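Protein sequences, first through last, are from chains X and D.
In terms of the working numbering, the numbers along the first sequence are unbroken and rise by one, the last being 409.
In terms of the working numbering, the numbers along the second sequence are unbroken and rise by one, the last being 409.
Where a beta carbon is used, it is the ideal one built from N, C-alpha and C, also for glycine.
This structure is a prediction, so every number in the text was calculated from the model and none was measured.
One structure below.
Protein chains: 2
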Amino acid sequence: MKRISESTVGRLSLYLRILREYAGGRTISSEELAGAAGTSAAQVRKDLSLFGTFGKRGLGYSVPELTAELRSILGLEQEWNVALVGAGRIGQALFGYQDFRTQGFYIRAVFDSDPAKVGQRWNGTEVRSDAELEQGLAEEAIDIVIVAVPGGAAQTVVDRVVAAGVRAILNFAPTRIEVPSGVALKNVNMAVELEGLSYALASERANSGRGRAD
Amino acid sequence: MKRISESTVGRLSLYLRILREYAGGRTISSEELAGAAGTSAAQVRKDLSLFGTFGKRGLGYSVPELTAELRSILGLEQEWNVALVGAGRIGQALFGYQDFRTQGFYIRAVFDSDPAKVGQRWNGTEVRSDAELEQGLAEEAIDIVIVAVPGGAAQTVVDRVVAAGVRAILNFAPTRIEVPSGVALKNVNMAVELEGLSYALASERANSGRGRAD
DNA sequence: TAGCTTTTGTGAATGGTTTCACAAGCGGGC
DNA sequence: GCCCGCTTGTGAAACCATTCACAAAAGCTA
C-alpha cells in the first residue's frame with residue numbers, strides 16, 4: 196500500500212467535517228470542498244484519488260458516499276476505546292470535551308497517581324490509581340491513550356502503555372516522547388504553537404522597517 | 196529576509212526546550228541536539244544556519260549562547276500579552292496551565308459571553324463580558340488571542356479580534372478559521388489528531404494480512 | 001445519438017524540505 | 001608552531017508534496 200502523508204490524513208479529517216456540515220446539495224465538487232477547506236481543488240482530488248475514485252466526472256462527489264468513504268478510510272466506522280492518563284486540569288478539560296464521542300472515541304478509563312483524585316467519579320467514570328494502569332488497559336480493551344501528565348512523567352507512562360500493547364498515543368505533555376516504530380504518536384504542544392506565534396509577531400515587527408500602511 | 200518554514204520554527208522551539216533542560220556541559224553538538232529532538236544533525240545545522248552561524252567548528256554550540264539566540268529568534272526576549280476568549284472547560288484548563296508564563300506569555304484578560312461566568316475571579320483575573328472584548332484588548336495591549344469558544348462562535352470572535360488589530364491567534368475551536376494575510380493563526384484540533392491516530396490504527400490493521408509476530 | 005458542458009483523475013512540472021557529503025575552521029596536544 | 005581530530009556550514013542531490021494542465025468520462029439537451 197502506498198504511503199500516505201500526515202498532511203493528507205489531516206485534510207481528509209477536515210473534508211469529513213466539512214461534508215458533515217454541508218448543506219449545498221447531494222453532490223459537492225472538489226472546487227467547493229477546497230474552498231471550505233482552504234486548499235486547492237487539485238489537492239482535494241489528489242488526496243481522494245490516493246484511496247480510490249469516488250467522484251463522477253461532470254458532477255462531483257456524492258456527499259453521502261464520500262462521507263462514508265472518508266469514515267471508512269479514517270477508521271471511524273468502529274468505536275475506539277480511549278483511556279486518559281492524568282486527571283489534572285488538562286485531563287479534566289479533555290474528559291469534559293465530549294465532542295469526539297460523536298465521532299466514536301469513548302473515554303473508558305481515567306488514571307491518575309494522586310491519591311486525592313483516585314476514587315473520584317467523573318460523570319460515572321471512576322478515576323483509578325495509576326498502579327492499575329496495565330490492568331485497566333486490558334480490561335477496557337483500550338486502543339488509544341491520551342497522556343495528560345506533567346512532562347517529567349510522560350515518557351514513563353508511555354513506556355508502560357506501549358509495553359501493555361497500546362499502539363496509538365496522543366501526548367499533551369510538553370516533552371518529546373519516544374515510541375518504538377509501529378506505535379502512532381501525535382503531540383499537542385501549546386508551547387510550540389505559542390512560540391510559533393511569537394516568532395511570527397517578532398519577525399514581522401523586525402521586517403517592517405519604517406512602519407506599515409494599515 | 197528568507198522565508199522560514201513552519202516546521203523549522205517548530206523545531207527551533209523544541210531545540211530551545213532541550214537546551215533549557217540540558218545538563219551535559221557548556222557546549223552541545225548538532226548530533227546531541229538532534230538526538231534529543233528526534234531529527235538529524237544535518238537538519239539541526241541547516242535550521243540554525245538560516246539565522247546565522249552560532250557554532251564553533253570542532254566544538255559545537257555554546258549552550259548559553261545558543262539559548263539566547265533562539266530566544267531572540269523566537270521573540271521570547273519580550274513579554275507577550277495574551278487574552279483568552281472563552282471561559283469554558285478548555286479555557287479554564289489553559290488558564291490553569293501556567294507553564295507558558297515562564298516563557299513570557301501572560302494571560303492578561305479573560306472574556307466569556309455567559310453571564311454566569313462574567314464577574315468570576317480566576318486567580319485575580321476577572322472574567323469580563325465579551326461585550327467588552329475590543330475595549331479590553333486595547334486596555335491590556337493584547338498581542339495574542341487564544342480562542343476557546345464553541346465552533347459556531349469562533350469565526351465571529353476572530354473577526355472582531357482581528358478588526359481590533361490583533362495579529363496572532365491560537366484557535367482551539369474545532370472549525371476552520373479564516374484570517375486575512377498578515378495575521379498569524381495556529382490551530383489546535385483534537386479531533387484531527389484523534390482521527391489521525393484512528394487512521395494509523397485502522398490502516399495498520401488492514402495491512403497486517405495474516406497477523407503479526409508480536 | 002451527437003454535441004456541449006462540466007468536473008474528475010492523473011502524468012508531468014514545479015516548488016520546497018531534508019539528507020548527503022565534504023571543505024573549512026577551531027582547539028588541543030606535542 | 002604545526003598537526004590531528006572533531007564538528008560546523010553549506011552547495012548539491014534526493015526526496016516529497018503541491019500545482020498544473022488536459023484527456024477522459026458523465027450527464028444533459030435536443
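First and last residue of the uninterrupted alpha helix (DSSP H) at residue i
i, result
"asparagine 366/D", "Counting along the chain, asparagine 366/D falls outside any alpha helix (DSSP H), though it belongs to the beta strand (DSSP E) covering 363 to 366."
"valine 357/D", "346 to 358"
"serine 398/X", "385 to 402"
"glutamate 334/X", "328 to 334"
"threonine 203/D", "201 to 215"
Start and end residues, beta strand (DSSP E) containing residue i
i, result
"phenylalanine 306/X", "300 to 307"
"tyrosine 256/D", "255 to 257"
"isoleucine 341/X", "339 to 342"
"alanine 379/X", "379 to 382"
"serine 323/X", "Reading off the sequence, residue 323/X comes out as arginine, not serine. Note, arginine 323/X: beta strand (DSSP E), 320 to 324."
Between the CA atoms of residue j and residue i - distance to the nearest angstrom
i, j, result
"lysine 312/X", "glutamine 287/X", "11 angstroms"
"valine 353/D", "leucine 392/D", "29 angstroms"
"glycine 219/X", "leucine 228/X", "11 angstroms"
"isoleucine 199/X", "tyrosine 394/X", "30 angstroms"
"leucine 332/X", "serine 308/X", "15 angstroms"
"aspartate 325/D", "asparagine 366/X", "32 angstroms"
"isoleucine 371/D", "alanine 232/X", "The sequence given here has arginine at residue 371/D, not isoleucine. Cα to Cα, arginine 371/D sits roughly 7 angstroms from alanine 232/X."
"leucine 265/D", "glycine 250/D", "13 angstroms"
"glycine 270/D", "leucine 261/D", "14 angstroms"
"threonine 203/D", "glutamate 321/D", "37 angstroms"
"glutamine 273/X", "glycine 377/D", "41 angstroms"
"glutamine 350/D", "arginine 212/X", "16 angstroms"
"proline 310/D", "tryptophan 317/D", "15 angstroms"
"leucine 245/D", "glycine 291/D", "36 angstroms"
"aspartate 338/X", "alanine 386/X", "27 angstroms"
"alanine 348/X", "arginine 400/D", "30 angstroms"
"lysine 197/D", "leucine 254/X", "43 angstroms"
"glutamine 238/D", "leucine 389/X", "22 angstroms"
"alanine 408/D", "proline 375/X", "Because the pLDDT of alanine 408/D is 31, which lies under 50, any placement of that residue in the model is unreliable, and the number read from its coordinates should be weighed accordingly. Their backbone Cα atoms lie some 15 angstroms apart in a straight line."
"isoleucine 223/D", "glycine 230/D", "11 angstroms"
"glutamate 201/X", "tyrosine 256/X", "23 angstroms"
"valine 383/X", "valine 383/D", "7 angstroms"
"leucine 214/X", "threonine 234/X", "15 angstroms"
"glycine 319/D", "arginine 296/X", "34 angstroms"
"leucine 289/X", "leucine 396/X", "29 angstroms"
"arginine 283/X", "glycine 283/D", "The amino acid occupying residue 283/X in the given sequence is glycine; arginine does not appear at that position. Their Cα atoms are separated by approximately 16 angstroms."
"serine 398/X", "arginine 252/D", "28 angstroms"
"asparagine 402/D", "asparagine 402/X", "49 angstroms"
Same chain only: Cβ atoms within 6 angstroms of residue i, ignoring 5 sequence neighbours per side
i, result
"arginine 221/D", "Val258"
"aspartate 294/D", "none"
"glutamate 216/D", "none"
"phenylalanine 300/D", "Trp275, Val277"
"glycine 410/X", "It is not possible to answer for residue 410/X, since the shown part of chain X is limited to 196 through 409."
"arginine 206/X", "Asp242"
"arginine 362/X", "Val378"
"arginine 240/X", "Ser225"
"glutamate 373/D", "none"
"leucine 209/D", "Ala232"
"isoleucine 285/D", "Ala343, Phe367"
"alanine 359/X", "Glu329, Leu332"
Same chain, Cβ closer than 8 angstroms to residue i, five either side skipped, listed in chain order
i, result
"glutamate 335/D", "Asn276, Ala278, Arg303, Ala304"
"arginine 355/X", "Leu328, Glu329"
"glutamine 298/X", "Leu271"
"glycine 314/X", "Glu321, Val322"
"glycine 247/D", "Glu264"
Residues of its chain near residue i, where Cβ-Cβ distance is below 7 angstroms and the 5 sequence neighbours each way are ignored
i, result
"glutamate 226/X", "Ala236"
"glycine 281/X", "Asp307, Val342, Ala343, Val344"
"valine 142/D", "Look at the range of chain D in this structure, 196 to 409, and you will see that residue 142/D is not part of it."
"leucine 380/D", "Ile364, Asn366, Ile372, Val374"
"isoleucine 268/D", "Leu207, Phe246"
Query - Interfacial residues, the stretch 260 to 273 of chain D to chain X, with Cβ spacing under 9 angstroms - result: Ser267, Ile268, Leu269, Gly270, Leu271, Glu272, Gln273
Requested in this report: Enumerate, from N- to C-terminal direction, the unbroken beta strand (DSSP E) stretches of 3 or more residues contained entirely within the stretch 227 to 297 of chain X.
Outcome: 255 to 257, 275 to 280
Requested in this report: Identify each residue in the stretch 329 to 343 of chain X for which the Cβ-Cβ distance to at least one residue of chain D is less than 9 angstroms, and report them in chain order.
Outcome: Asp338, Ile339, Ile341
Query raised in the report: Name the residues in the stretch 283 to 303 of chain X whose C-beta lies less than 9 angstroms from a C-beta of chain D; which are they?
Result: Gly283, Arg284, Ile285, Gly286, Gln287, Ala288, Leu289, Phe290, Gly291, Tyr292, Asp294, Phe295, Gln298, Gly299, Phe300
Query raised in the report: Name the residues in the stretch 389 to 403 of chain D whose C-beta lies less than 9 angstroms from a C-beta of chain X; which are they?
Result: Leu389, Glu390, Gly391, Leu392, Ser393, Tyr394, Ala395, Leu396, Ala397, Ser398, Glu399, Arg400, Ala401, Asn402
Report task. Can you give me, in chain order, the residues of the stretch 203 to 217 of chain X that have a beta carbon less than 7 angstroms from any beta carbon in chain D? Result -> Val204, Gly205, Ser208, Leu209
Query - Proximal residues, the stretch 220 to 249 of chain X versus chain D, C-beta separation under 9 angstroms - result: Ala231, Ala232, Gly233
Query raised in the report: Listed from N- to C-terminal order along the chain, which residues in the stretch 356 to 379 of chain D have their beta-carbon within a distance smaller than 7 angstroms of any beta-carbon of chain X?
Result: Arg362, Ala363, Leu365, Pro369, Arg371, Ala379
Query raised in the report: Going along the chain, which residues of the stretch 308 to 329 of chain X sit with their C-beta nearer than 9 angstroms to a C-beta in chain D?
Result: none
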